[in-house]
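Working notes, beginning with the structure itself.
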Amino acid sequence: MSPTKRRLRTLRRSTVLASAVGKAKQQLRVQQVPDRDLLDRISFGWDNEAWSASPEFQQAMLREARAPRTTVLECGTGITTLLLAMLIDTRGIHSWALEHDRTWYDTIQQRLAKFSLPSSHIALAPLKNYGEFDWYDVAQTTLPEAFGLVVCDGPPGGTRGGRYGLMPTMLQRLVPGARILFDDTQRAEEHSIMQHWLKNYSPQLRLVAEHDSYSILELVA
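Each residue of the sequence shown is one higher than the last, beginning at 23 in the working numbering.
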């Protein structure tokens, strides 16, 4: 692709994203969840489709995040961070995100700033060796003590232990009734992790719903 075509492509995506973000914020202000078409446009403008959560997962996250729970914890950042930032801006929810990669952390901060969206609760948390698995080094962050919703879309594939570390590391910070939106459970690794959680943390953890590309789990009292 020539430099000129690349610039035009970037400009088009940027224009589409700006328009779609504006419309999504309007809908969220009146408690509407953006439809598939609008989320597709946001994904196109975000220009990271290969790594972005599906529109179905995005819609489920927005519905769950509006529920009367405590703070949201996001594991990994991306288009879901943008959507949660819109909810922070329009609905006043509280959300924290963990990101291990410094370059992507800076990119997310810049993209949110472009739309004047809040980004102060994105924590740079390098991956740490916890013995049997690697996970975010939360000891270096100032996370709240209670979370009512977890958006589990990280650490990335290839991480030792994958996303398993969420439960042993953060269980004590999950309030009764907290829900975990676990993305990519159609894949063998993530599905296996979910099954290990359900076995190791039963009856405290239960499966609420299993969809094509994600699952919802809940911490019971």
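Built from N, CA and C at the ideal position, the CB exists for glycine as well.
Requested in this report: Apply the 10 Å Cβ neighbour rule to S138 and answer buried if 16 or more other Cβ atoms are within range, or exposed otherwise.
Outcome: Counting other Cβ atoms within 10 Å of its Cβ, S138 stays below 16 and is therefore classed as exposed.
Report task. Leaving aside the five residues before and after R185 along the sequence, list all residues of the same chain whose C-beta is less than 6 Å from its C-beta, in chain order. Result -> Only C174 and I215 meet the Cβ criterion.
Query raised in the report: By how many angstroms is the C-alpha of S24 removed from the C-alpha of V116?
Result: What sits at residue 116 in the sequence shown is His, not Val. Between H116 and S24, the alpha-carbon positions lie close to 43 Å from each other.
Query raised in the report: In or out: Q217 buried (at least 16 other Cβ within 10 Å) or exposed?
Result: Residue environment for Q217: exposed (fewer than 16 other C-beta atoms within 10 angstroms of its C-beta).
**Report entry** Beta-bridge pairing of S237 - partner residues as DSSP gives them
**Finding:** Beta-bridge pairing links S237 to F204 and E232.
Query raised in the report: Which residues mark the beginning and the end of the alpha helix (DSSP H) in which I215 is found?
Result: A210 to N222 is the span of the alpha helix (DSSP H), which, as asked, contains I215.
Query - Whether D145 touches A107 by CB criterion (9 Å) - result: According to the sequence shown, residue 145 is Ala rather than Asp. In this structure, A107 does not lie closer than 9 Å to A145 by Cβ.
Query raised in the report: Taking buried to mean at least 16 other C-beta atoms within 10 Å of its own C-beta, is P77 buried or exposed?
Result: The residue in question, P77, is buried, as its Cβ has 16 or more Cβ neighbours within 10 Å.
Query raised in the report: Just checking my contact of S74 with I101 at CB under 8 Å: how many whole Å lie between their CB atoms?
Result: The pair is a contact, with the Cβ atoms about 5 Å apart (cut-off 8 Å).
Requested in this report: Please state if the CB of F66 and the CB of H104 are separated by a distance shorter than 9 Å.
Outcome: Checking the sequence shown, residue 104 turns out to be Leu, not His. The answer is no: Cβ separation not under 9 Å.
Report task. Go ahead and pull the three-state DSSP assignment for D111. Result -> Helix at D111.
**Report entry** Selected residue, minimal CA-CA separation from T181, among Q194, F155, A168 and R195
**Finding:** Measuring from the Cα of T181, the nearest candidate turns out to be F155.
Requested in this report: Leaving aside the five residues before and after S36 along the sequence, list all residues of the same chain whose C-beta is less than 8 Å from its C-beta, in chain order.
Outcome: Taken in chain order, the residues that qualify are G67.
Requested in this report: Verify the CB distance criterion: does N222 have a CB-CB separation below 9 Å to chain B?
Outcome: No chain B is present in this structure, which holds just one protein chain.
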